[in-house]
Amino acid sequence: MKLFYREWGRGEPLLILHGLYGCSDNWMTIARKLAERFQVIAVDLRNHGNSPHADSHTYTDMSLDLEELFQLLQINSAHIIGHSMGGKVAMAFAADFPERIRSLTVVDIAPKNYLLYPNGTSQYEKHKQILDTFAGIDLSKFSTRVEVEEVMKSHISDTFLALYLLKNLKRLPAGFSWKINVPVLQDCLLSIVSDVNADFFESRLPIFSYPVLFVKGELSEYISSADEFDIKRIYPEVRFCSISGATHYLHAEKPDEFIAAFLDFI
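Just so you know, the working numbering puts the end of the sequence shown at 317, numbered straight through with nothing missing.
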C-alpha cells in the first residue's frame with residue numbers, strides 16, 4: 052500500500068508513526084522541530100488520515116506497508132518513533148526488518164495484550180465504544196463542524212479526547228465523512244489491542260540489533276513497572292524515560308520535554 056506522508060528537513064531519516072484514530076498531523080509540531088536535524092517523515096498508517104483504506108488492519112499489514120515506503124523513498128535505514136498503536140507497528144517492523152533500524156523509540160505503549168487496563172477495566176470495550184460512536188453518528192444530518200462536535204462531546208466526556216477524535220472529520224463536496232476506516236477498525240479491534248505481545252517476541256529474544264527507548268507519560272497507565280521488567284527481557288539494553296505531568300498524549304502535552312528526551316537518547 053502506498054502510504055500518505057509528510058516530509059520536512061534534511062539529515063538522517065526519521066519516521067514518525069501515530070496512534071489509533073491519529074494521523075501525521077498529530078506530530079507536526081515535534082516533526083518540524085526535529086527537522087532541524089533530521090529528514091522527518093510523518094506517516095499516515097493504513098485506514099487513517101490521508102492513506103488508503105483496506106479491508107485488513109493487522110500489524111503485519113502495517114509493517115509491510117512501511118517496508119514498501121522505505122523502498123519507495125530509497126531509505127536504507129532510519130530512526131523510528133511510534134506512539135501507541137504506532138509504537139506496536141514500530142516494534143513489529145523493527146523485529147521483522149532489523150537492518151532498517153537506526154534506533155527505535157516507543158511512546159507510551161508496551162509489547163503486551165491490552166484487553167484490560169491495570170485497574171481491570173476493559174480497554175477493548177473503551178475503544179469499541181469510541182468506534183461505535185463514530186459509526187453511530189449520521190454525518191449526512193449535519194452541515195457544520197460545530198454540530199458534529201456537539202454530538203461527539205455528548206458521547207465522549209473527555210473534551211481533549213473528543214477534539215482529538217474530531218480531527219478525523221473531513222468535508223467532501225457531498226458532505227462530511229470520517230478519515231478513518233471505521234468498519235474495518237471495528238472488525239480488527241481485537242487484533243489492534245492484543246497483538247504484538249510477549250508471544251510475538253518469544254522466538255526473537257533477546258534483541259540487541261538497535262538502540263531502544265521507551266517513553267511514558269507519568270500519569271498514563273499504559274506502561275507499568277511490571278511491563279518494564281518484561282520489556283527488558285525483550286530489549287536488555289533498553290532505556291526508559293518518564294515525562295512528568297504527562298498522560299498518554301504526552302507528545303501533544305509536553306512536546307519540548309519529549310524532544311529533549313529523544314535527542315538525549317540519540
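Beta carbons are placed, not taken as given, at the ideal position from N, Cα and C, and that holds for glycine.
Three-way DSSP call (helix, strand, coil) for residue i in this model
| i | result |
| --- | --- |
| Ile92 | strand |
| Ser293 | strand |
| Phe259 | coil |
| Tyr175 | helix |
| Asn73 | Note that residue 73 corresponds to Gly in the displayed sequence, not to Asn. Reduced to three states, the DSSP call for Gly73 is coil. |
| Ile188 | coil |
| Pro162 | coil |
| Ser154 | strand |
| Glu288 | coil |
| Ile317 | coil |
| Arg196 | helix |
| Tyr215 | helix |
| Lys283 | helix |
| Gly138 | helix |
| Glu304 | helix |
Limits of the beta strand (DSSP E) - the one that residue i falls within
| i | result |
| --- | --- |
| Ala129 | 129-134 |
| Phe227 | 226-229 |
Segment limits, alpha helix (DSSP H) that includes residue i
| i | result |
| --- | --- |
| Met207 | In the sequence on display, residue 207 carries Ile and not Met. It is not in any alpha helix (DSSP H) - Ile207 carries neither H nor E in the DSSP assignment. |
| Leu124 | 110-124 |
| Ile274 | Counting along the chain, Ile274 falls outside any alpha helix (DSSP H), and DSSP gives it neither H nor E. |
| Leu85 | 79-85 |
| Leu241 | 240-245 |
| Leu223 | Unbroken run through Leu223 is the beta strand (DSSP E), 220-223; no alpha helix (DSSP H). |
Cβ distance (whole Å) where residue i is taken to contact residue j below 8 Å
| i | j | result |
| --- | --- | --- |
| Val199 | Leu190 | 7 Å |
**Asked** Is the number of C-beta pairs between the stretch 113-122 and the stretch 81-88 that are closer than 8 Å three or more?
**Response** The count of Cβ pairs closer than 8 Å, one atom from the stretch 113-122 and one from the stretch 81-88, stays below three, leaving the stretches out of contact.
**Asked** Does the count of Cβ pairs from the stretch 231-241 and the stretch 162-182 closer than 8 Å reach three?
**Response** Touching, per the Cβ criterion.
**Asked** Using 8 Å as the Cβ pair cut-off and three pairs as the minimum, do the stretch 57-74 and the stretch 122-132 touch?
**Response** yes
**Asked** Is the stretch 253-271 touching the stretch 296-304, taking contact as three or more C-beta pairs under 8 Å?
**Response** yes
**Request:** Specify whether the stretch 137-147 and the stretch 237-254 touch according to this definition: at least 3 beta carbon pairs, one from each stretch, less than 8 Å apart.
**Result:** yes
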